[in-house]
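Remarks on the structure that follows.
Chains as they are written, first to last, in the working numbering: chain A, 29 to 140; chain B, 163 to 276.
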């Protein structure tokens, strides 16, 4: 079985400051992990994916995430937030032929 | 390359009417997923297909919902009869071969049942 928990439902940052969106997962198998972003009235767009290669994964728009097996975490970070980053972010786990599991989402607010 | 294409983008209809949502997956992808997204329940998987065959429809809420995939390039989600509580955004996603590949989402159909 597997599960994913996004630890914050909302995160608010000022433009130009770092972003941290937290995600913990549980899986009986070696997981693949993904982060998606959803802007208003749009579908989910893949930001980045981890599939057992390098533990630090770089994605689009300056985002990156680090897979930490010991902590069962896959937190999403960005050094400097931009207004256009305001959106909802989903952490996703997939492993061992089980269903792909989506987290509940974290809404990111960026203040000018 | 063209992404997942959903139609219509918006649908407003009266309760009791039949609603058909359409999806064209990315060419070469062999899995297709239908999701429903609401504020109350978030993103819910309704059904998914592998190679045009329904694999898991346990998320389909009621018999009023049905989905088909007659070929690799087309799928429909039908609601008959529709009810106001079916109002939501419905997403289609496709995925290439490999269970740990990422899904690719369409822009969704915003459905409002009056």
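Beta carbons: idealized from backbone N, C-alpha and C, even for Gly.
Only a predicted model underlies this, so the values are computations on that prediction, with no experimental measurement involved.
Taking a cut-off of 8 Å for Cβ pairs, the stretch 38 to 56 of chain A and the stretch 130 to 138 of chain A touch, as three or more such pairs fall below it.
253, 261, 262, 264, 265: these are the residues of the stretch 238 to 265 of chain B whose beta carbon lies less than 7 Å from some beta carbon of chain A, given in chain order. The Cβ atoms of residue 267 of chain B and residue 250 of chain B do not sit closer than 7 Å to each other.
Beyond the five residues adjoining it in sequence on each side, residue 58 of chain A comes within less than 7 Å, by CB distance, of 80, 123 in the same chain, given in chain order. Looking at the DSSP output, residue 216 of chain B shares a beta bridge with B/211. A check of alpha carbon separations from residue 55 of chain A across A/133, A/129, A/134 identifies A/129 as the nearest. Taking 7 Å as the threshold, the shortest C-beta distance from residue 70 of chain A to chain B falls below it.
Within chain A, 132, 133 have C-beta atoms less than 7 Å from the C-beta of residue 204 of chain B, given in sequence order. Under DSSP, residue 95 of chain A forms a beta bridge with A/102.
When Cβ pairs closer than 8 Å are counted between the two stretches, the stretch 177 to 184 of chain B is seen to touch the stretch 227 to 243 of chain B, the count reaching three or more.
At the C-beta level, residue 244 of chain B and residue 202 of chain B stay beyond 7 Å of one another. Residue environment: residue 200 of chain B is assigned as exposed (fewer than 16 neighbouring CB atoms within 10 Å of its CB, all protein chains considered).
Sequence-ordered contacts of the stretch 204 to 234 of chain B with chain A read 204, 205, 207, 218 [C-beta pairs closer than 8 Å]. Among the CB atoms of chain B, none fall inside 7 Å of the CB of residue 83 of chain A. Checking the DSSP bridge columns, you'll see residue 56 of chain A has no partner listed.
Between residue 78 of chain A and residue 120 of chain A, the beta carbon gap of about 10 Å keeps them out of contact (Cβ cut-off 8 Å).
According to DSSP, residue 73 of chain A shares a beta bridge with A/65. At a Cβ-Cβ threshold of 7 Å, residue 61 of chain A and residue 102 of chain A count as neighbours.
Cα atoms of residue 84 of chain A and residue 190 of chain B: separation of roughly 29 Å, rounded to the nearest angstrom.
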